[in-house]
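Student:
Structural data, given as structure tokens:
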């Protein structure tokens, strides 16, 4: 019975954290796209608020999922595009469009990523 209660609480906690992630994303986007001439003390306050939110979520088990440079894993990544690359092995994550997270061993949001694939072979014009 106690194990069931613990699992129910952890599931509810992970669900709440998942619902707060878009808020964290929005706050980060505000920081990344600051208008010119904005009061820097306001920005510092917003940065502090983002850090506090990250720390609070981290205290409840939230961990970012490593993506860039990792092999694509459909359990934790969602591919939204491919990028031709000779620099990266096929199926390597080359960019992250949205950070993914897990709470303990549960993925609460997969990372949205672009994955490397080999360059397309040029069409052989001699055969035409």
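In this note's numbering, the protein residues as written are 2 to 129.
We treat Cβ as the ideally placed atom computed from N, Cα and C, and that holds for glycine.
Where does residue 42 fall in DSSP's three states?
Tutor: Indexing the chain shown from 1 puts residue 42 at position 41. DSSP places residue 42 in helix when its eight states are reduced to three.
Student: How about residue 107 and residue 15: do their beta carbons lie closer than 9 Å?
Tutor: Within the chain shown, the letter at position 106 stands for residue 107. Within the chain shown, the letter at position 14 stands for residue 15. Their beta carbons are under 9 Å apart, which means residue 107 touches residue 15 by this criterion.
Student: May I have the straight-line CA-CA distance separating residue 62 from residue 25, to the nearest angstrom?
Tutor: Working through the chain shown from its first residue, we reach residue 62 at position 61. Working through the chain shown from its first residue, we reach residue 25 at position 24. Going from the Cα of residue 62 to the Cα of residue 25 covers about 16 Å.
Student: Going by DSSP, what residue range makes up the alpha helix (DSSP H) through residue 98?
Tutor: As a working mapping, residue 98 is identified with position 97 in the chain shown. That residue, residue 98, is in no alpha helix (DSSP H); its beta strand (DSSP E) goes 94-99.
Student: Tell me whether residue 44 is buried or exposed, calling it buried when 16 or more other Cβ atoms sit within 10 Å of its Cβ.
Tutor: Position 43 of the chain shown, counted from the start, is the residue given in the question as residue 44. By the neighbour-count rule (16 or more Cβ atoms within 10 Å), residue 44 is not buried but exposed.
Student: Given that a residue counts as buried once 16 or more other Cβ atoms are within 10 Å of its Cβ, and exposed if not, what is residue 114?
Tutor: Along the chain shown, one-based indexing puts residue 114 at 113. With 16 or more Cβ atoms within 10 Å of its Cβ, residue 114 is classed as buried.
Student: Got a sec? Which residues, its chain only, sit under 7 Å from residue 19 by beta carbon, not counting five neighbours each side?
Tutor: Numbered from 1 along the chain shown, position 18 holds the residue referred to as residue 19. These residues qualify, in order along the chain: 109 and 110.
Student: Which of the three DSSP states, helix, strand or coil, is assigned to residue 121?
Tutor: Taking the chain shown and counting its residues from 1, the one referred to as residue 121 is at position 120. It is coil, neither helix nor strand.
Student: Sort 66, 21, 9 and 49 by Cα distance to residue 98 and report the nearest one.
Tutor: Position 97 of the chain shown, counted from the first residue, corresponds to residue 98. Selected option, being the one with the closest Cα: 66.
Student: Taking residue 79 as part of the beta strand (DSSP E), name the residues at either end of that continuous run.
Tutor: Taking the chain shown and counting its residues from 1, one reaches residue 79 at position 78. 78-85 is the extent of the beta strand (DSSP E) around residue 79.
Student: In three-state DSSP terms, what is residue 36?
Tutor: The count along the chain shown starts at 1 and reaches residue 36 at position 35. Three-state DSSP puts residue 36 in coil, outside helix and strand.
Student: Once the 5 residues before and after residue 51 are set aside, which same chain residues still bring their CB inside 6 Å of it?
Tutor: Locating residue 51 in the chain shown gives position 50, where the first residue counts as 1. Contacts found: 28.
Student: Give the DSSP-derived three-state secondary structure of residue 65 in the structure shown.
Tutor: As a first step, residue 65 is located in the chain shown; it is residue number 64 there, counting from the start. Looking at residue 65 - three-state DSSP - the assignment turns out to be strand.
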